[in-house]
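Residue 1 is where the sequence shown starts when you use our numbering, and the numbers rise one by one after that. Here's the structure we're looking at; comments come further down.
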Amino acid sequence: MPETTSTAAGPDEALAAGSELDPEVRETAIRVGVLIRRLFAYGDGGRSLQVADEHGLSFIQLKAMISLSAVATDGAPCIQDVAEDLDVSMPSLSRAFDSLVRKGLISRSEDPDDRRRRRIELTEAGTGIVNEFIHARMEGALRFAASLEPAEREALDSAVGMLLTRDDIAPIYRQLEEMDRSE
Numbered sequence: 001m002p003e004t005t006s007t008a009a010g011p012d013e014a015l016a017a018g019s020e021l022d023p024e025v026r027e028t029a030i031r032v033g034v035l036i037r038r039l040f041a042y043g044d045g046g047r048s049l050q051v052a053d054e055h056g057l058s059f060i061q062l063k064a065m066i067s068l069s070a071v072a073t074d075g076a077p078c079i080q081d082v083a084e085d086l087d088v089s090m091p092s093l094s095r096a097f098d099s100l101v102r103k104g105l106i107s108r109s110e111d112p113d114d115r116r117r118r119r120i121e122l123t124e125a126g127t128g129i130v131n132e133f134i135h136a137r138m139e140g141a142l143r144f145a146a147s148l149e150p151a152e153r154e155a156l157d158s159a160v161g162m163l164l165t166r167d168d169i170a171p172i173y174r175q176l177e178e179m180d181r182s183e
């Protein structure tokens, strides 16, 4: 896979410009939305929701755990890093993490460089749940990919391949590649 690249403005910066979005940007957003909707239609038979329910996880807890699983920083992130990544408030995320610590799904440790900050990591049990969830979600993506004609798949691979080098996408891609190789 090519090296990651810095990109133009991130999603928040692009939308914060305050001006009307280019019609081409809107059209791209609609097309991406249609694909996402279709991918969800292929679904996983509700298995991913079952995974969250079986472990008593809220939506924010599951999102936070998935975010932690794809971290590409040196060492574990702090709560603020995850809150910024997910665009949620610190108090809300802190409550979610308190519950995840009690369930043994994440661990918190003092930041050696700043004792006021806490570093967050998935435990082995937390990693197992995230992997189970991701595998369930991948079932729909596999069904979708299998439904494509060879020319459609080639065109999609070409377009998606260009995006996989983005700093905000590359760590997730590497995570899924690694999971696929380990099966």
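We put the CB at the ideal spot given by N, CA and C, even for glycine.
Determine the DSSP secondary structure at Leu122, reduced to helix, strand or coil. Counted from its first residue, the sequence shown places residue 122 at position 122. DSSP places Leu122 in strand when its eight states are reduced to three.
Answer with buried or exposed for Leu62, where buried requires no fewer than 16 other C-beta atoms within 10 angstroms of its C-beta. Translated into the one-based positions of the sequence shown, residue 62 becomes position 62. Buried: at least 16 other Cβ atoms inside 10 Å.
Within this structure, are the beta carbons of Ala76 and Glu121 separated by less than 8 Å? Residue numbering aside, residue 76 sits at position 76 when the sequence shown is read from its first letter. Residue numbering aside, residue 121 sits at position 121 when the sequence shown is read from its first letter. Contact check for Ala76 against Glu121 passes: the beta carbons are separated by less than 8 Å.
Using the Cα positions of Ala159 and Asp22, report the straight-line distance between them to the nearest angstrom. By 1-based counting over the sequence shown, the position of residue 159 is 159. By 1-based counting over the sequence shown, the position of residue 22 is 22. So the two alpha carbons sit approximately 20 Å from each other.
Take the Cβ of Asp44 as the centre, count every other Cβ of all protein chains shown within 10 Å, and call the residue buried at 16 or more, exposed below. On the sequence shown, residue 44 is found 44 positions in, with the first residue counted as 1. Classification of Asp44: buried, given that the 10 Å Cβ count is 16 or more.
Check whether the region 139-158 and the region 32-40 touch, using three or more Cβ-Cβ pairs below 8 Å as the test. Touching, per the Cβ criterion.
Using a 10 Å radius around the Cβ and a threshold of 16 neighbouring Cβ atoms, would you call Ala125 buried or exposed? Against the sequence shown, residue 125 aligns to sequence position 125. Exposed, by the Cβ-count rule.
Report the three-state DSSP secondary structure of Asp85 (helix, strand or coil). Counting from 1 along the sequence shown, the entry for residue 85 is found at position 85. Looking at Asp85 - three-state DSSP - the assignment turns out to be helix.
Closest Cβ-Cβ distance between Cys78 and chain D: below 8 Å? Although the question refers to chain D, the structure presented lacks it and comprises just one protein chain.
Between the Cα of Thr123 and the Cα atoms of Leu105, Leu100, Glu177, which residue gives the shortest distance? Within the sequence shown, numbered from 1, the residue matching residue 123 stands at position 123. The residue with the shortest Cα to Cα distance from Thr123 is Leu105.
Which residues does DSSP list as the beta-bridge partners of Arg108? By 1-based counting over the sequence shown, the position of residue 108 is 108. Ile120, per the DSSP bridge assignment.
For Arg38, which beta-bridge partners are listed by DSSP? One-based indexing of the sequence shown puts residue 38 at position 38. According to DSSP, which records beta bridges pairwise, Arg38 is partnered with nothing at all.
Let me know the secondary structure DSSP gives Asp44 once reduced to three states. As a position in the sequence shown, residue 44 is number 44, starting the count at 1. Under the three-state reduction of DSSP, Asp44 is assigned to coil, being neither helix nor strand.
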